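Chains A and B supply the protein sequences, listed in that same order. Read the first sequence against numbering that gives the first Met the number 0 and you will find it ends at 168, with the numbers running on by one and no gaps. Read the second sequence against numbering that gives the first Met the number 0 and you will find it ends at 437, with the numbers running on by one and no gaps. A short write-up of the structure that comes next.
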Amino acid sequence: MIYKKALNLSVTFLLIFILTGCASRQKIEQVLFGGGNDNEADIVSNAIPGSSQDFTVNVGDRVFFATNSTSLDDDAMAILERQASWLELYPEIDIIVEGHADERGTREYNLALSAKRAEVAVSYLESLGIGSERIETISYGKERPVAACSSEACWSQNRRAVSVVIADN
Amino acid sequence: MRTKIRCILTVIAILLLQIRYPQAALEINVNDGNLKPLPIAIPSVIDKQGLEKDLGFDISRVIASDLAGSGLFYPINPKAFLENLNSISQKPNFNSWRVINAETLLSAELSYRENDIVRIDYRLWDVVAEKALVEQTLTTSRNKWRSLAHVIADTVYTRLTGEKGYFDTKVAFIAESGPKTNRIKRLAIMDQDGFNPRLLTTGNDLVLTPRFSPNSEDLVYLSYRNGQPQVYIYNLESKQTYVVGSFPGMTFAPRFSPDGKKIIMSLQEGVGSNIFEMNLSNFERRRLTNTPDINTAPSYSPDAKNIVFESDKSGTQQLYVMDANGNNVRRISYGTGSYSTPVWSPRGDYIAFTKISKGRFMIGVMFADGSGERIITDGFHNEGPTWAPNGRVLMFFRESPGETGGAMIYSVDITGYNEKLIETPGFASDPSWSTLLN
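Below you can see the structure in the form of C-alpha cells.
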C-alpha cells in the first residue's frame, strides 16, 4: 500500500518534471529560432548560407538532455536531422560536437557524462550519413555553462551537446 | 528546536560509532570529536638577539593557530600568563602555569646563525607532572619560519594525541576567477592553513583536479592545453609539464599509486569510460575495467592491493572496490542516492566520498567494506574530499548557488566537528592534500 502510494507520487513527480522540462525546452526553441521577435527574424534573413551563424540560427546548433540522461528525445533528433541535412549541403564543413553537463554532478563524472552526450549526438549524425572524419568531439563537463543561475531553468539549458562549425568565414 | 534535536542525535550517532585507538599520556583522543580541547600555554618564542622584529611572536602564533585549528587544543590567551620565560634552559615555575589551568607548556628560544639560518630550541612540558615531554632543536633558513612552526606544531600534536601530524603540508587546488559561464581556472598551491598561495599556470588553459604524488614533488592533473582534455604531470621543482601517455580519447580522473610509480585514470572509449593504469617508467598501460558504462574516479588503497572507483553500471553512480588487477569487483555503497569521488584514507580504514541525495551534495565517510556510513557535511553542493596525511581530517570544496556563487575550500574532522573555511585569494576548488613535507 505504502509502496503503491510512493509509486503514485513518483509518477506524479515524473509527470511534473517532464512537463516543466518540455516547457523550458519550448522556451529555448523560441529564443533560438525566432518565435516572432523582429530582431531575431532579421538575424535569420541576414545569416550567410553556409556560415556558422546560418547553422546556429536557421538549423539549431544544440540539443538538450534530461538530468543525468544521455538519451535523445524527439526534439533533439529533429534538430540533429536538420544538422545532418545542412552538413550534407556543405560537405566541406567539419564540426566539433561539445558535450556539456549541468552543475548538479561531480566534476569527473560530469566529464564522462558529457562525453557520452557528445558521442550519442555524433552517433545519430553518423547514422544519418555524415562521415565520422568530419566530426570531432570534446567534453566540457560542468565547466562551461551557458546559463549561470542555480535552478532547473538554467540547468536544462546547460545539459547540452553543441555542434560547432569549424572553418567558418 | 528541531535542529537542536538533530544536533543531539548526530552527536549520539557519532558517539555510537566511536572506535578507540591507543591514547597518549595526556589523554587526547582524536576520535572524541573535540569535546574537551587540551589547554596549552604557548608563550612568544624567546629571542634574545631580536634580529627580526616579532619573529618569535609570529612563530608562537602559527603554532597556536595550528593546534587550535585541530580542535583538540585550547591555546590559553598569553595575557593570562603569570611567568615571563627568559631562557629555554630556565625551568618553568610550574605552579604559575597550573594556576592559569595550563596542562601543557611549550617553551622555545630562537637564535640566529650565519646565512640567514635560524635555530630554535623548544621544550614541551607536562605542567602537572612537571616533566619535559619533548626536547628538540631545529634549524632552517629564516624565510621558512612558517614551515618551522608547522613542524613544531606537528611534534606537539603527535606527542599528545599519538597520531601523526598534518600541519607541515601543502594543498594543491584550482584557483578560480572570472564569470561563472567562463571561469578561468589555474593550478595553485598553498600551505595547509591557506598561507603562501602560489599560482602555477597562467589560466590560458582550463585545468582541473590536481593530485599530489606521494613524495609531494609532482602534481597529476587534467588540462585542455592541447584541445582535448588529457592527464598531465607538473613537477613543482622544475615547473615542467608532460602528458601522461598518448591516448586516443579524453583521459581524466588521475591519481598516483601509493609508490608514485603509476598513474591510475579513466580513458573515454566511445560512450563509456574505463579505468587504466599507466606505468610511469615504461608508459605501459593496463586496462582494469572493460564495460560500456562510466567507470571513473579510481583511488588506490594505501597498501596498493585494492582500488575504489565509481561506476554507473547499476543505473546510478555507486562505489565499487576491485583488486588492483581489476578482478573481483564488488559494490560497497548501498544507501539512498548516488555516490561519487571515492578517496581511500591514507590509514586504510575509511573511504571518503561525495553523496548526492534529494538534490543535496554531501561529504561522507564509510569503512572500506561499505559499512558505517557517516555524513560529515550536507548542503547545496559539497564535493571532492581529500585526506590529511594522518587520515583524521578532510578538505573538500563547497559551492554556493547562483550567478555570483562559487567554490571555497573547507577542512573538517572526520567526526564532523571543527569545520573551517580555508581562506584563499578567490574562489577555490578541487583541493588535494600533500603528504608531510619535512
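Glycine residues also receive a C-beta, built at the ideal position from the N, C-alpha and C atoms. Note that the structure is predicted; figures quoted are calculated from it, not measured.
What's the gap between the Cα of residue i and the Cα of residue j?
{"i": "A:Cys148", "j": "A:Trp154", "result": "8 Å"}
{"i": "B:Gln48", "j": "B:Gly401", "result": "54 Å"}
{"i": "B:Glu82", "j": "B:Asp120", "result": "19 Å"}
{"i": "B:Lys78", "j": "B:Ser300", "result": "47 Å"}
{"i": "B:Leu147", "j": "B:Asn234", "result": "24 Å"}
{"i": "B:Gln239", "j": "B:Tyr220", "result": "13 Å"}
{"i": "B:Leu205", "j": "A:Leu88", "result": "34 Å"}
{"i": "B:Ser59", "j": "B:Thr414", "result": "28 Å"}
{"i": "B:Gly161", "j": "B:Thr154", "result": "10 Å"}
{"i": "B:Gln227", "j": "A:Leu112", "result": "16 Å"}
{"i": "B:Gly336", "j": "B:Leu66", "result": "36 Å"}
{"i": "B:Val61", "j": "B:Thr288", "result": "46 Å"}
{"i": "B:Trp386", "j": "B:Val392", "result": "6 Å"}
{"i": "B:Met394", "j": "A:Ile94", "result": "41 Å"}
{"i": "B:Leu71", "j": "B:Arg373", "result": "21 Å"}
{"i": "B:Pro388", "j": "A:Glu91", "result": "55 Å"}
For residue i, name the three-state secondary structure that DSSP assigns.
{"i": "A:Pro90", "result": "coil"}
{"i": "B:Asn305", "result": "strand"}
{"i": "A:Asp74", "result": "helix"}
{"i": "B:Tyr416", "result": "coil"}
{"i": "B:Tyr223", "result": "strand"}
{"i": "B:Phe80", "result": "coil"}
{"i": "A:Asp37", "result": "Confidence in A:Asp37 is poor, its pLDDT being 44 and thus under 50, which makes the residue's placement too unreliable to answer from."}
{"i": "B:Leu50", "result": "coil"}
{"i": "B:Ala406", "result": "strand"}
{"i": "B:Ala40", "result": "strand"}
{"i": "B:Gly177", "result": "coil"}
{"i": "B:Thr376", "result": "strand"}
{"i": "A:Ile27", "result": "Bear in mind that the predicted position of A:Ile27 carries a pLDDT of just 38, short of 50, making it too unreliable to give a figure here."}
{"i": "A:Glu125", "result": "helix"}
{"i": "A:Leu112", "result": "helix"}
{"i": "A:Gln52", "result": "helix"}
{"i": "B:Asp348", "result": "coil"}
{"i": "A:Ala46", "result": "coil"}
{"i": "B:Gly363", "result": "strand"}
{"i": "B:Tyr111", "result": "strand"}
{"i": "B:Arg145", "result": "helix"}
{"i": "B:Tyr165", "result": "coil"}
{"i": "B:Leu123", "result": "strand"}
{"i": "B:Ser370", "result": "coil"}
{"i": "B:Tyr73", "result": "strand"}
Only counting the same chain, and skipping five residues up and downstream in sequence, which positions put a Cβ closer than 7 Å to that of residue i?
{"i": "A:Asn109", "result": "Ala100, Gly140 and Lys141"}
{"i": "A:Val62", "result": "Leu71, Ala75, Ile78, Leu79, Ala120, Arg159 and Ala160"}
{"i": "A:Phe54", "result": "Asp60, Trp85 and Val164"}
Can you find the residues in the same chain that come closer than 6 Å, C-beta to C-beta, to residue i, ignoring five residues on each side of it along the sequence?
{"i": "A:Gly128", "result": "none"}
{"i": "B:Gly202", "result": "Ile183 and Arg185"}
{"i": "B:Gly390", "result": "Ser344, Pro345 and Arg346"}
{"i": "A:Val58", "result": "Arg81, Gln82 and Trp85"}
{"i": "B:Asp311", "result": "Asp292 and Ile293"}
{"i": "B:Ala351", "result": "Val342, Val364, Pro384 and Leu393"}
Short check: CB of residue i to CB of residue j, under 7 Å?
{"i": "B:Leu266", "j": "B:Phe255", "result": "no"}
{"i": "B:Glu108", "j": "B:Ile45", "result": "yes"}
{"i": "B:Pro253", "j": "B:Val307", "result": "no"}
{"i": "A:Gly98", "j": "A:Ala117", "result": "yes"}
{"i": "B:Arg145", "j": "B:Ser431", "result": "no"}
{"i": "B:Val328", "j": "B:Asn305", "result": "no"}
{"i": "B:Leu104", "j": "B:Ala40", "result": "yes"}
{"i": "B:Leu425", "j": "B:Ser176", "result": "For the record, residue 425 of chain B in the displayed sequence is Gly; it is not Leu. For B:Gly425 and B:Ser176, yes; Cβs fall inside 7 Å."}
{"i": "B:Arg118", "j": "B:Thr138", "result": "yes"}
{"i": "A:Ser162", "j": "A:Val56", "result": "no"}
{"i": "B:Ala296", "j": "A:Glu107", "result": "yes"}
Tell me, please, which residues DSSP counts as bridged to residue i.
{"i": "B:Gln317", "result": "B:Ser310"}
{"i": "B:Leu198", "result": "B:Ala187"}
{"i": "B:Glu398", "result": "B:Ala406"}
{"i": "A:Glu97", "result": "A:Ile137 and A:Val161"}
{"i": "B:Met249", "result": "Answer is none; B:Met249 lacks a bridge partner."}
{"i": "A:Ala117", "result": "Partner(s): none; A:Ala117 has no beta bridge."}
{"i": "A:Glu151", "result": "None, per the DSSP bridge assignment."}
{"i": "B:Ala427", "result": "B:Ala174"}
{"i": "B:Arg329", "result": "B:Val320"}
{"i": "B:Val343", "result": "Position check: residue 343 of chain B holds Trp in this sequence, whereas Val was assumed. For B:Trp343, which the question treats as bridged, DSSP gives the partners B:Ile350."}
Which same chain residues end up closer than 8 Å to residue i when comparing Cβ atoms and leaving out the 5 residues on each side of it in sequence?
{"i": "A:Val119", "result": "Thr69, Ser70, Leu71 and Ala160"}
{"i": "B:Val270", "result": "Pro291"}
{"i": "B:Val98", "result": "Leu81"}
{"i": "B:Glu268", "result": "Gly248"}
{"i": "B:Glu102", "result": "Leu25, Leu37, Pro38, Ile39, Asp125, Val126 and Val127"}
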